[in-house]
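Counting from 850, one number per residue, gives the positions in the sequence shown under the numbering used here.
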Amino acid sequence: MNRPSEAGIFRTACLRIDRAVLPKGSFPRIPSGYAKRLLGVSVRLGILMIAAAVAVLFMLRWDSWVGARVDQTTDDAYVKGDLTPLSAKVEGYVRKVPVNDFERVKAGELLLEIEDDDYKARVAQAEADVAAAEAAIDNIK
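As structure tokens, this is what we get:
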């Protein structure tokens, strides 16, 4: 005797359910093989999605995890570090640093302010020298 497959039974059951009126609170019975396969696929898909999310999280936050560690460890007395040389066009004492450690900055963004008291004094002195020279020229005329 030929036995119908579970898929065939499921299709037939769905067709009969579509045409039949079910009592309130009852649900159609899904064949157990189909439910097991659906559960297996759902579990695999869930694990794959979680693994993908963890991989993306690692890729996006790697710099902060490596650079923000409190304790640096070493096996060979060398500690890896990222150095970026910075230099200013003028010398002076740093007044303010508006950026934080490991903060991303863009080209042209202000990294630090240098005290400008000495430069203001030099400009005032130069302006006074110019005024004195102009006064001397007026006296000669």
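Each residue gets a CB set at the ideal place from its N, CA and C atoms; glycine is no exception.
Quantities reported herein were computed from a predicted structural model and do not represent experimental measurements.
>> I'd like to know whether the C-beta atoms of Val946 and Leu961 end up nearer to each other than 9 angstroms.
In response: yes
> On the three-state DSSP scale, how would you describe Met898?
Replying inline: helix
> Under the DSSP definition of a beta bridge, which residues are partnered with Lys945?
Replying inline: Glu962
> Under 9 angstroms, do Ile963 and Gly930 count as touching if we go by C-beta distance?
Replying inline: no
> Do Val939 and Val948 come within 9 angstroms of each other at the CB atom, strictly closer than that value?
Replying inline: no
>> At the level of alpha carbons, what is the spacing between Gly895 and Gly882?
In response: 20 angstroms
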